[in-house]
Amino acid sequence: MSEIMEMLIRRGFLWQSFEIYGGIAGFIDYGPLGNGLRRRLENLWREFFVVNERAVEIDCPTIGIEEVYVASGHATSFTDVAIECSECGKVYRADHYVKEKLGFEIDESVEAVREILKEFDLRCECGGKFKDPEPFNLMFETKIGPGRGKKGYLRPETAQGIFIAFRRLSDYFRDKLPFGVAQVGRSYRNEISPRQGVIRLREFNQAELEYFVHPEKKTHPGFENYREKVVKLVDKRDVEHEIELGKAVKKGIILNELIAYFIAKTEEFLIKAGIDRSKLRFRQHKDDERAHYACDCWDAEVLTSYGWIEVVGIADRGCYDLSRHMEYSGEDMTVFIPYKEPVKVKKKVVIPDMKKLGPLFKKKAKKVAEELKKMVPSEKIVVVLDGEEVEVPRECYRIEEVEEIVHGEKVVPHVIEPSFGLDRITYAILEHSFDTDVVDGEERKVLRLKRWMAPVQVAVLPLLSREPFTSKALEITNELKKVGIFTEYDDSGSIGRRYRRYDEIGTPFCITVDHQTFEDETVTLRDRDTTSQIRIAIKSLSDVLVNLLNSERDIREFGEVFRE
RNA sequence: GCGCGGGUAGUCUAGUGGUAGGACAACGCCCUUCCGAGGCGUUAGCCCGGGUUCAAAUCCCGGCCCGCGCACCA
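Using the working numbering, you'd call the opening residue of the first sequence number 325 and step up by one each time.
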């Protein structure tokens with residue numbers, strides 16, 4: 325096990341879930357410190373992507389009904405067909421194997437694969453025959469209610485809940501684009517073989533923002549602040565660019581300004597959270613790599629001991645999701661966009677003649693009339709009635725030119741989705757923060773978390789583990805807790821040992837109650853990164869700490885230096 | 001899911017068929033202290049299940065977990 329993983333387990337950041345029963349791959353427990361860190365990350369995310377956008381956060385069930393995932397496409401495209409060799413036991417994804425061996429695409433259904441295997445006598449590379457193909461769905465299935473129940477799935481992404489509630493959300497925003505809707509929560513994917521510890525989990529934490537925009541207005545007023553920001557991009561042809569975002573959009577490397585805006589914002593967020601800038605890049609999905617719904621997609625990738633891993637996906641999902649739910653549910657998912665001035669439009673329309681239609685189509689006449697109104701005017705019109713094509717005789721309708729006043733148009737909004745994998749980001753922060761250096765000739769382990777991210781922000785330590793040092797230290801601990809600082813009290817072991825303990829878990833500041841405290845009501849304040857110390861009055865502690873914890877200022881600005 | 005290698009206190013590790021040992025950590029007491037001091041003591045372990053054997057941490061089989069390679073990662 326790596327040095328960092330050993331520390332994370334020992335100190336209470338991460339644990340294997342179900343450990344006492346032997347554990348199972350793909351699940352982790354967040355210990356007290358890991359949970360604290362991830363909570364800080366979530367709140368920082370809200371600050372960036374909800375509070376400072378025209379956006380809100382909602383919370384939907386983690387169990388979804390089958391209809392949702394049929395409409396979203398997950399029920400089909402999330403299902404792979406697997407084929408297993410009966411000789412050597414190798415398992416392949418059927419579509420990949422067929423494409424590689426036979427060179428064509430196939431339907432992802434068990435029947436189609438079964439047929440191909442038979443028709444081409446497709447064998448494993450070892451020469452063995454394949455067993456009967458089996459479907460493998462990456463979604464966890466469940467049952468809602470007793471008995472046969474209703475089929476449900478654990479959500480594979482938080483996004484769908486937002487699309488489903490779109491009508492309500494659009495009302496909430498008074499039908500005015502653009503607006504964003506966020507959701508932070510758990511999602512589930514039944515991975516075939518999760519590995520690499522926290523990198524591929526079966527239950528994981530996502531923070532997603534669905535930013536709904538007019539299809540022709542993929543811009544953001546905030547982009548002006550980022551136009552000259554330089555980021556590291558790897559485009560879909562694997563070409564690297566260190567380029568200003570404004571130029572990247574102009575050159576067509578990034579599809580639109582809105583994606584570029586979220587790339588910038590994501591970069592800012594990740595760096596504020598503690599990701600190492602030199603280990604961060606944005607990589608564009610290749611044409612054959614994009615999900616079924618996306619028209620452009622950029623991943624934020626960070627370099628870790630597992631290599632470059634994807635931590636954020638920024639996708640332009642177009643109108644895919646809303647259109648699909650509109651189609652499958654019948655609910656109107658459009659937004660009415662008024663024109664500045666109403667426009668007069670002349671157009672030709674089809675007007676049904678009920679006198680003729682009635683006798684001809686009898687009961688179906690009304691339906692025919694309705695279909696007719698939707699048709700493009702023409703001398704020959706064919707309508708589809710209950711799946712049957714019927715030509716409507718020319719004398720049954722008139723074509724007239726009418727003048728209409730149009731006040732606006734209905735559009736299905738497009739959505740840009742920045743989607744964050746909180747578990748991976750949390751882990752990457754830990755790896756990027758983990759460091760060793762030498763203090764007074766001895767090596768120390770230190771977790772250089774950003775001050776505002778640390779799960780324990782301040783440790784209060786009595787120099788001696790007896791009265792009156794202990795009482796005074798406890799008193800200070802309680803005062804700091806009252807102003808919302810995550811503070812711990814610790815009197816166990818020598819003072820040096822305790823400093824190292826808090827260095828290792830990334831606590832930025834230690835306060836020590838010493839002999840002088842009882843002479844002049846001051847304590848020492850120690851900085852984790854430099855190990856320098858100042859003397860400071862107890863009464864100004866909370867103000868100074870709040871200031872320090874929200875900045876990267878040097879403690880030496882705040883008091884007399886006690887140790888360099 | 002396949003193949004190879006592993007799994008001994010919280011962590012690291014010794015132990016190849018015959019009483020499971022150490023280091024560090026943690027906890028208690030003593031010492032009293034500004035960068036992992038010292039002394040004494042305590043807690044704590046053979047991944048799970050089956051088999052072979054008089055006897056299994058050790059050998060065999062299955063499972064689970066970890067690592068690596070392959071496959072998978074919409």
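Glycine included, every Cβ here is placed at the ideal spot set by N, Cα and C.
For Glu481, tell me which candidate among Glu727, His398 and Thr590 has the shortest Cα-Cα distance. His398
Nearest neighbour of Ile583, chosen from Glu767, Leu533, Gln484 and Ile749 [CA to CA]: Leu533
Straight-line CA distance for Asp307 to Leu787?
Lying before the first or after the last residue shown, residue 307 is absent from the chain, which here runs from 325 to 888.
Are there 16 or more other CB atoms within 10 angstroms of the CB of His839, so buried, or fewer, so exposed?
exposed
query = Going straight from the alpha carbon of Asp612 to that of Lys769, what length do you get?
reply = 44 Å
### Query
In whole angstroms, what is the alpha-carbon distance linking Val405 and His616?
17 Å
**The beta strand (DSSP E) enclosing Ile468, as first and last residue numbers** = Glu465 to Ile468
Margin query: Assuming Ile328 is part of the alpha helix (DSSP H), what are its boundary residues?
Written below: Glu327 to Arg335
| As assigned by DSSP and simplified to three states, the class of Lys603 | helix
Exercise for review: Output the boundary residues of the alpha helix (DSSP H) element that contains Asp620.
Suggested key: Counting along the chain, Asp620 falls outside any alpha helix (DSSP H), though it belongs to the beta strand (DSSP E) covering Asp620 to Thr628.
Meets three-Cβ-pair contact criterion under 8 Å: the segment 801 to 817 and the segment 762 to 782 = yes
Can you tell me which of Glu733, Arg748 and Asp759 puts its alpha carbon nearest to the alpha carbon of Glu540?
-> Glu733
Q.
Tell me which residue opens and which closes the alpha helix (DSSP H) that Gln484 is part of.
A. Ala483 to Ile488
Practice problem: Below 6 Å CB to CB, which residues in the same chain sit around Val885 once its five sequence neighbours on both sides are set aside? | Solution: Ile858
Check: If Gly388 sits next to Leu357, beta carbons under 8 Å apart, how far is it from one beta carbon to the other, in whole angstroms?
Finding: The Cβ separation is near 33 Å, so there is no contact.
Requested in this report: Might you give, ordered along the chain, the residues of its own chain that have their beta carbon closer than 6 Å to the beta carbon of Asn580, omitting 5 neighbours on each side?
Outcome: Lys542
Given this structure, state the Cα-to-Cα distance separating Val700 from Lys671, to the nearest angstrom. 10 Å
Review point. Looking at the structure shown, is Phe460 part of a helix, part of a strand, or coil, going by DSSP?
Key: strand
| task | Answer with buried or exposed for Val437, where buried requires no fewer than 16 other C-beta atoms within 10 angstroms of its C-beta. | result | buried
Buried versus exposed call for Ile638 [16 or more other C-beta atoms within 10 Å across all chains shown]: buried
Check your understanding: Hey, quick one: how far does the beta strand (DSSP E) through Gly631 stretch, first residue to last?
Key -> Gly631 to Gly642
Nearest-angstrom Cα separation, counted from Val708 out to Met678: 18 Å
Identify every residue that forms a DSSP beta bridge with His738. Val537
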